[in-house]
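As numbered in mature numbering (1 follows the signal peptide of the UniProt record, and there is no 0), residues -35 to -1, 1 to 1145 make up the sequence shown, in order.
Each remark here refers to the structure printed beneath this line.
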Amino acid sequence: MPQSHQSASTLSRQSFLRLGACTAGAAVAAPAALAAVPGDALGPTAPQGREATDGLLHGTSSFPGNDGRAHTVTWDEHSFVVDDQRLLIYSGEIHPWRVPAPAQWRDLLQIVKAAGFTAVSFYFFWGLHQSAPGGDFDFSGIRDLDLLLTMAAEEGLYVIARPGPYVNAEISMGGLPAYLTNRAAPLRSTDPENFADSCAWLSAVNEIIARHQVTDGGGSVLMYQVENELFAENPESSAFLRGLADHVRSTGITVPMFHNDYNLGGRFIDVEKHHTDFYAYDHYPLGFNAGGSRARIGESEQTYREISPDTPQFITESQGGAFTPWGASFDSHQAYEFTDPAFTRQWGVRNLAGGVTAFNYYMVFGGTNWGYTGSPSSGFTSYDYGAAITEDRELTEKLAVQKELGYLQQALPQIASMAPVAPQALREVDGGQIQAYQRASTGDEGSATDDGRPRLLAFRLADSNDETDTRFATALVLGDPEEAGGQAPTADDRDPAITYAGDWSQVEDSTASGSTLTRTETAGATASWTFTGTAVDVITATGTDHGRARVLVDGQEHGTFTSHVDTEQNKPSQVVSYQVQGLSAGEHTIVVEALGEPAEGAEGTVIALDGFDVPTGGEDGSVEIPEGVVGWARVPQDESTFLQLHGRDALTVVADTVIGGHGLLYSTSALFGPALPRRKGHLQYLIGHDGDPGEIVLRYAAEPEVTAPESVSTTWDEGTGQLRINLVHSDEPVQVEIAGRPLTSAGNDGTSRLVLRAISRTAATTTWFLGGRPVNQSTVTPGGTDAHVVVEGAELARTVAFSRADAELVLGSTDRAEVRLDVPDGVRRVIVNGKSRPVSDGIATHRLAAPAEPAVPDLAFRVAEGAPEAAADFDDSAWTVADSTEGSNSFQGPGRGGIVLDSNHYGFFEGSIWYRAVFTAGKSRELVLRGNGGTGQPAQGQEPAFLQAWADGSYLGAAPAVGKDQTFTLPEAVAVPGAETVLSVLVHNLGQNLDWSDNGLSKQNRGLFDAVLPATGEITWRVQGAAEIDARRTLFNTGGLHGERHGWHLPDHDDSAWEEASSLVADAPGVRWYRTSFELSTPDGVDVAWRLALRSPRFEDGRRDACQAVLYVNGWNTGIYIGDIGPQSEFTIPSGFLDHNGPNTLAVWVAAKEAGAGPEGIELVPVFARTGSIGAAPLV
C-alpha cells in the first residue's frame, strides 16, 4: 500500500522491564592476547595497512565502522540511515566456526568487500563456546570473536550480529550447548533455568559485541538480531523474545535490534510489545530440494507494506544457495546449479526493483561442518551450500553476478530512497511474459532533467523458470512520477467488476493483495472481467494443491496455466500466472475458467485468484508524452535493436540521473560501479550480456566532442540536446570519450570530460573496483570516502593502499594473467604483489605469474584393530554404569527395559558411543535394539546413522539407528540358556537435532533408547563415550572409540608398531584405524586449498560401500563419510588444520558393516594454488 513519507525513526534508548533475574553467571575466557597469536592469523597490527608478517595488506577503506567516532543509526520506510547518509545494506552470511582458521576470516572478508558488499552477517555458536552448565565461555583460538569483529571493521564491512541464543544454521542443537539436551523444560522459553543460561551466554558474547558497535565508535556492528525464526507467536514466545531483548539492552547493546520472521508472515511485528526496533524476514523463493524443480520467484513488496509500512524492507536471509542433507540424490554442485547465476541475477534484480534495500545472502560462503558441529537432520560435513564462494574458497560465476548487483548499487545509491511507480509500457514483445518494474527516487538528488528524479527500471520473465529468449522495447517517460505503492493489481479479487460463476469462495491470506484470495476447486467455475487495454495479467497465489485453468479473451481460448508449486515451504505469493499481450486497442473481456484438473504430477485442482492487472501503456496501446516532459515511445530508439532477456535473466535500465556531472537520460547497459574522478573528468563502466546492444543517452547544452571506435554509432539531436550512443558489449572493452557542456537539473557547470567503458558480463567477472583511503581528497569517489583503482583481468583483486604517489595492490590468480589498472590522478607507480610498475596517463599494466604447482604427496597407511570393546573379556569396570530409571526428559526414556540408556543423559554428547550389557541368557535367541544417531532428515534425504552389535565377541550385524526397533539373532554357540552373555553395542551418533519448530526435538534421544534382551534376571549396563574435552578442538571433535579415547587421532601418537595397509577395505566387519604422515611445502605468498578424496568403486556405483569413515587431520575431525548413504566422498581440509610447510598426520577410522567395505584408498588433492593471497594459514 502507498505510504506517506515518515521522518527517520531514531533508535529508542528507553529502559525496558527485564524478565526474570539473569543471574546464571559464568566466567568469560578472554580472547587470546593479540601478541600471543601469530601475526598472519591476526590481521593488521602495523600502521598504514601493513600486516605484521608476510607483507600482507589489509583493507584501507574508510567508513563509519572504522573511523573511531560514534554514529547514529536510524531508518524510515525506504532504508537504513547512518548519520544523514542512506545506506544500502548488501550483505553475505559467513559462519566463523565453519572457517576454523582466523587467517581465513580475513581472506573471505576481503573477497566479499571487493565484490561490492557493504556488510557481513555472522551467526555465533553458543555451544562452541561453552561445554558445561555454568562453565566458562571460551573466546580463544578459532572462537576469537573479538578478532573477527576487528577484522570486519578493518576490511570496511558493517556487521549484522546474530548470537541467538538459538540460531538454527543446520548446526548441532541449532547452536545451543549440548548440555541442554538434559533439560526437561522447553529450551527457548522463560523457564527460569534455561532462560538464565541464555542470558548468561548473551552477557558473555555481548561484552565483545558491545566493544564493536558503530553507535559507540568502537567498530562496525550495525545491528543485532535477537533469537532466530521463532516458530509461532504466542504469549510464551512473546514473553521469551521480550525478555531476551530487555536483557540484550541491559548488556550495553545500543545498535538497532530485530528478530527475523522465518518468512513474510508478520510474526512478532509488534516491536513495542517485543521491545525490538523493526520487522525483518527470511525469504528462500526456490526452496531447498536441489534434486527437484525450482519454485517460481514471486513478489513481496505490497505484502510487506501491508505488514510493516514504516520500516525498510530487510530480508535477513535471502537465498544464496541450498543445504544438502545426508543421503540426498544431489550434492553441493547441484545445489549450486539449483541456485545458479541466472537465479542469482533474477533474484537480486527482483529485490532491488522490489524495494529491498537491506538483504543478506544466506550463504555467501558456506564452509565446513567439521567434527560433529553439524546437525544430522539437515547436513553432513560439507556446508558448501552451493554458495557464491565454494567450501574450498574458489570464486564462482555467482559471485560475479553478486558483484554486478553490488556495483550497480554503488553506481546508483539513490536506490536507497526509491519508491515504486507504475512500470513503463512494454513494446514489441517477442518471447515470454515479462515482469516489469520501475522505481523513482524520493529524495532531492540531482537528475538529468529539470523536473525528474533518478529511476531504476528492471525486467525479468514473469515465470522465473521460463527459458525463452525474449526481446522487447519499452516506453520511457521521465518527469515527476506518481508513486504506485507496490505491485497492486488494477482489479483486486474483491472488485465488484469481476463476475464469478460457479463455486468460488473468498479466503483470507496475508500475502495477497488486500489480504484476500478468491478460490475454487470446481471444474467450469469462471471469473470474468471487462477492461480497456491492449494487455492484461492474471495474478494468482500458488500452492501444492493448485491445478490448471484456461484463459479466454473475447470468447476465444488464449491458453492455459497452472500456479502449482512443489512445496509450500517458501512458496511465492503473488505471481503473474498468465499474461495476454498484443490486443487491439479498446474494450475486452478476459475469462479464467478452472479446468478441475491437477498440474502434471500433482493432485489438487485449486485456482486462487488475486486479481487482474492492465500494465501501464496497455490501456489503449499508446504512450502519451506530456508537453515539456522528456520521453520516448520506444527504447531503444535504434529500431534495429531491442532489450533482450536471455531466458532466466534480468535487466536493469537506469534513467534520469547524473554520472560524473553528466546528465544520463537513460542507459540500457547496466551501470557497473560508481563514476570515478579521472584525468580532469570521470570514468563510468557499463556492462551487458556478451553480444547484446547497449544504448546510452546523455544531455548537453551543445554538441559534445565524441571519440569512439568505428563499432560505435553516435547520434546528436540539436533540438533536444540529446547525445545517443549505440554500442555492442563484448569481452574486448569499448571506450567512448565525451567532452562537452553537460546539462542536469543543476544547470550547466561548463565543459567536462566523461569516459564510458563498456564491457561484457564475462569481462566483468575479472573487473574489480578497489577502494582505499586517499592521499588527495580530489581523488575521492563522489558520495564516498575512498579513492578507487579499477583492475581488469584479475581473477581476484583484494586490497589497495595509497601512499604518496604509490598505489599498492594485492591481486590473486591461479593462472598467468595480464591485468590493466586504472588509477586515480596523482598516482605514478603501482606495486602489485610486491612488484613495481610505472603509470602512464593513469594506466598501468602487469603480468601476474602463475603459481607453481604444489607437490602432491602419496599417502601410505598403517592399520590397527580398533574395537577391543567388542570382546567378551574386555575390562569395562571403569565405564559409567547405566542404571537410571528416569530420564532427564521424556525423550530419554526409559524404554521397555526400565533403564535409561540415552547417551546424552550420561554426559556423552557427541560421536560414537559404546554400550556393554552383561546378562544371563534365557531360551530365546532374539534381541531387539532401538537406537538413534540422528534422524529428522527432509524428504530429499536419508537417515544415515547406524549401530553395530556383538555378543561374546561374535559380530551380530549392523542396523539403522533411526529410532526404530532392530532385531538381531544370537548365534547358537552364544545363546546358551543360563550362561553369562556379554552384549557390546556401538552406536554411531552424528550430532544433535535442530529445534527449529521449538518443540524439543533438539533433545531427541542419542545412542540407545531401548533394548529387549533374551535375559533371565538382572542386566547390568555400562556406557562409554568421549574422553575429557580437548579444549583446543572442543567437544565436537571426537566420540568414544578406543582410538579416540587413547589419542590415536593425534599427530604425536606412535604408530610404528602398526602393520602396513594396502587399502582401507575391511576383511571383516568392525572398526579399524589407519594412519599416515605427509609433508607439505608451500611457496611464500601462495594459498593452496586441499581436499581428501576417498576412492571407492562401490560408492561410485550406487553408494554400496557399507561403512562409515571419520578423517582426522592433525587431530582435527575433518570429515565423515558414510559410503552407503552419501552424498559426500571428497572432503575439504580447512586450511588451518594443515601445516602448509611441515609434517602432517592423517588418521582414519573405518567402521565396516560387513567384510569388503571401506575405501580402496584416500588421495590428497590440490583444489587450487593462488598467488597474491593470504599465504599459508597457520596451524590452529
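By construction, the Cβ of each residue, glycine as well, lies at the ideal position given by its N, Cα and C atoms.
Only a predicted model underlies this, so the values are computations on that prediction, with no experimental measurement involved.
Tell me whether Tyr144 sits in a helix, a strand or coil according to DSSP, three-state version.
Along the sequence shown, read from residue 1 onward, the residue named residue 144 stands at position 179. Here Tyr144 sits in helix by DSSP.
Leaving aside the five residues before and after Gln700 along the sequence, list all residues of the same chain whose C-beta is less than 6 Å from its C-beta, in chain order.
Walking along the sequence shown from the start, residue 700 turns up at place 735. Closer than 6 Å at Cβ, skipping near neighbours: Arg722.
Going by the DSSP bridge assignment, what does Trp681 pair with across the sheet?
By 1-based counting over the sequence shown, the position of residue 681 is 716. Leu688, per the DSSP bridge assignment.
Cβ-Cβ separation, Asn869 to Arg971 (assumed contact under 8 Å), whole Å
The sequence position of residue 971 within the sequence shown is 1006, counting from 1. The sequence position of residue 869 within the sequence shown is 904, counting from 1. Yes, Arg971 and Asn869 are in contact; Cβ-Cβ is about 5 Å, under 8 Å.
Going by C-alpha distance, which of Asp101, Gly99, Asn193 is nearest Pro130?
Position 165 of the sequence shown, counting from 1, holds the residue named residue 130. The shortest C-alpha separation from Pro130 is found at Asn193.
Determine the contact status of Phe933 and Leu921, defining contact as a CB-CB distance below 7 Å.
Taking the sequence shown and counting its residues from 1, the one referred to as residue 933 is at position 968. Taking the sequence shown and counting its residues from 1, the one referred to as residue 921 is at position 956. For the pair Phe933 and Leu921, the CB atoms are nearer than the 7 Å cut-off.
Report the residue ranges of all beta strand (DSSP E) runs contained in full by the segment 159 to 207; include only those spanning at least 3 residues, in chain order.
186 to 190
How is Arg971 classed by DSSP in three states: helix, strand or coil?
Residue mapping note: residue 971 aligns to position 1006 of the sequence shown, counting from 1. Correct three-state label for Arg971: coil.
Whole-number beta carbon distance between Val765 and Glu773, since they are thought to touch under 8 Å:
Position 808 of the sequence shown, counting from 1, holds the residue named residue 773. Position 800 of the sequence shown, counting from 1, holds the residue named residue 765. The C-beta distance from Glu773 to Val765 rounds to 7 Å, short enough to fall under 8 Å.
By how many angstroms is the C-alpha of Ser725 removed from the C-alpha of Gln403?
In the sequence shown, residue 403 corresponds to position 438, counting from 1. In the sequence shown, residue 725 corresponds to position 760, counting from 1. Rounded to the nearest angstrom, the two C-alpha atoms are 24 Å apart.
The alpha helix (DSSP H) enclosing Met116, as first and last residue numbers
Taking the first residue of the sequence shown as 1, we reach residue 116 at position 151. Note, Met116: alpha helix (DSSP H), 110 to 119.
Proximity of Ala1022 and Asp1070 at Cβ, strictly below 7 Å
Locating residue 1022 in the sequence shown gives position 1057, counting from the first residue. Locating residue 1070 in the sequence shown gives position 1105, counting from the first residue. No, they are not a contact pair.
Which residues in the same chain have their Cβ closer than 6 Å to the Cβ of Gln452, if we skip the five residues on either side of it in sequence?
Working through the sequence shown from its first residue, we reach residue 452 at position 487. Residue placement at Gln452 is flagged as unreliable, the pLDDT there being 45, under the threshold of 50; a coordinate-derived value is accordingly withheld.
Just reading off the beta strand (DSSP E) that Phe1043 is part of, what are its end residues?
In the sequence shown, the residue the question calls residue 1043 occupies position 1078. Residues 1035 to 1046.
Which value, in whole angstroms, describes the spacing of the CA atoms of Ala466 and Asn316?
Numbered from its first residue, the sequence shown carries residue 466 at position 501. Numbered from its first residue, the sequence shown carries residue 316 at position 351. Rounded to whole angstroms, Ala466 to Asn316 spans 37 Å at the Cα level.
How would you label Ser549, buried or exposed, when you count the other beta carbons within 10 angstroms and need 16 or more for buried?
Taking the first residue of the sequence shown as position 1, residue 549 is located at position 584. The residue is exposed, with fewer than 16 neighbouring Cβ atoms inside 10 Å.
Determine the direct distance from the alpha carbon of Glu58 to that of Asp415, and round the result to whole angstroms.
Counting from one through the sequence shown, the residue named residue 415 turns up at place 450. Counting from one through the sequence shown, the residue named residue 58 turns up at place 93. Going by the C-alpha atoms only, they are around 42 Å apart.
Exposure label - Thr898; buried when at least 16 CB within 10 Å:
Taking the first residue of the sequence shown as position 1, residue 898 is located at position 933. Here residue 898 is Gly; the residue named in the question, Thr, does not match the sequence. Of the other Cβ atoms in all chains shown, 16 or more fall within 10 Å of the Cβ of Gly898; this residue is therefore buried.
For Asp621, does the count of other Cβ atoms within 10 angstroms reach 16, so buried, or fall short, so exposed?
Numbered from 1 along the sequence shown, position 656 holds the residue referred to as residue 621. Classification of Asp621: buried, given that the 10 Å Cβ count is 16 or more.
The segment 276 to 283 touching the segment 691 to 706, judged by at least three CB pairs closer than 8 Å
no
For a test of the three-state rule: what should DSSP assign to Asn741, helix, strand or coil?
Taking the sequence shown and counting its residues from 1, the one referred to as residue 741 is at position 776. Coil at Asn741, not helix or strand.
Taking Cβ positions, are Ala666 and Leu630 nearer each other than 7 Å?
If you number the sequence shown from 1, residue 666 lands on position 701. If you number the sequence shown from 1, residue 630 lands on position 665. Not a contact, by the Cβ cut-off of 7 Å.
Could you name the residues that DSSP lists as bridge partners for Arg643?
Residue 643 sits at position 678 when you count from the first residue of the sequence shown. According to DSSP, which records beta bridges pairwise, Arg643 is partnered with Gly646.
Once the 5 residues before and after Phe45 are set aside, which same chain residues still bring their CB inside 7 Å of it?
By 1-based counting over the sequence shown, the position of residue 45 is 80. The residues are Val38, Leu52, Ile54, Pro277, Ala323.
Pull up the DSSP beta-bridge partners for Met383, would you.
Numbered from 1 along the sequence shown, position 418 holds the residue referred to as residue 383. In the DSSP output, where bridge partners are listed per residue, Met383 has Ser406.
Cβ-Cβ distance between Gly170 and Phe89 below 7 Å:
The residue given as residue 170 occupies position 205 in the sequence shown. The residue given as residue 89 occupies position 124 in the sequence shown. The sequence as given places Val at residue 170; Gly does not occur at that position. The answer is yes: Cβ separation under 7 Å.
Go ahead and label Gln687 buried or exposed: buried means 16 or more other beta carbons lie within 10 angstroms of its beta carbon, across all protein chains shown.
Taking the first residue of the sequence shown as 1, we reach residue 687 at position 722. With 16 or more Cβ atoms within 10 Å of its Cβ, Gln687 is classed as buried.
From the DSSP output, read off the bridge partner residues of Ala1117.
Mapped onto the sequence shown, residue 1117 falls at position 1152. According to the DSSP secondary-structure assignment, Ala1117 is paired through a beta bridge with Gly1035, Cys1072.
Answer yes if the segment 666 to 679 comes into contact with the segment 743 to 755, meaning at least three C-beta pairs across the two stretches below 8 Å, and no otherwise.
no
Can you find the residues in the same chain that come closer than 6 Å, C-beta to C-beta, to Ile703, ignoring five residues on each side of it along the sequence?
Counting from 1 along the sequence shown, the entry for residue 703 is found at position 738. So the qualifying residues of the chain are Pro669, Val671, Leu719.
Nearest-angstrom Cα distance between Trp494 and Asp474?
Position 529 of the sequence shown, counted from the start, is the residue given in the question as residue 494. Position 509 of the sequence shown, counted from the start, is the residue given in the question as residue 474. A direct Cα-to-Cα measurement between Trp494 and Asp474 gives close to 22 Å.
Cβ-based burial, Thr1110 [other Cβ within 10 Å; buried from 16]
Counting from 1 along the sequence shown, the entry for residue 1110 is found at position 1145. By the 10 Å Cβ count, Thr1110 comes out buried.
If you run the structure through DSSP and keep just helix, strand and coil, what is Ala390?
Counting from 1 along the sequence shown, the entry for residue 390 is found at position 425. Ala390 carries a coil assignment under DSSP once its states are collapsed to helix, strand and coil.
Val516 and Pro446 - do their beta-carbons sit closer together than 7 Å?
Taking the sequence shown and counting its residues from 1, the one referred to as residue 446 is at position 481. Taking the sequence shown and counting its residues from 1, the one referred to as residue 516 is at position 551. Going by C-beta atoms, Pro446 is not nearer than 7 Å to Val516.
Would you call the segment 1082 to 1102 and the segment 285 to 295 in contact, with 3 or more CB pairs under 8 Å?
Note that the segment 1082 to 1102 touches the segment 285 to 295; at least 3 beta-carbon pairs, one per stretch, sit closer than 8 Å.
Using the three-state DSSP reduction, which class does Phe303 fall into: helix, strand or coil?
In the sequence shown, counting from the first residue as 1, residue 303 sits at position 338. Phe303 falls in the helix class under three-state DSSP.
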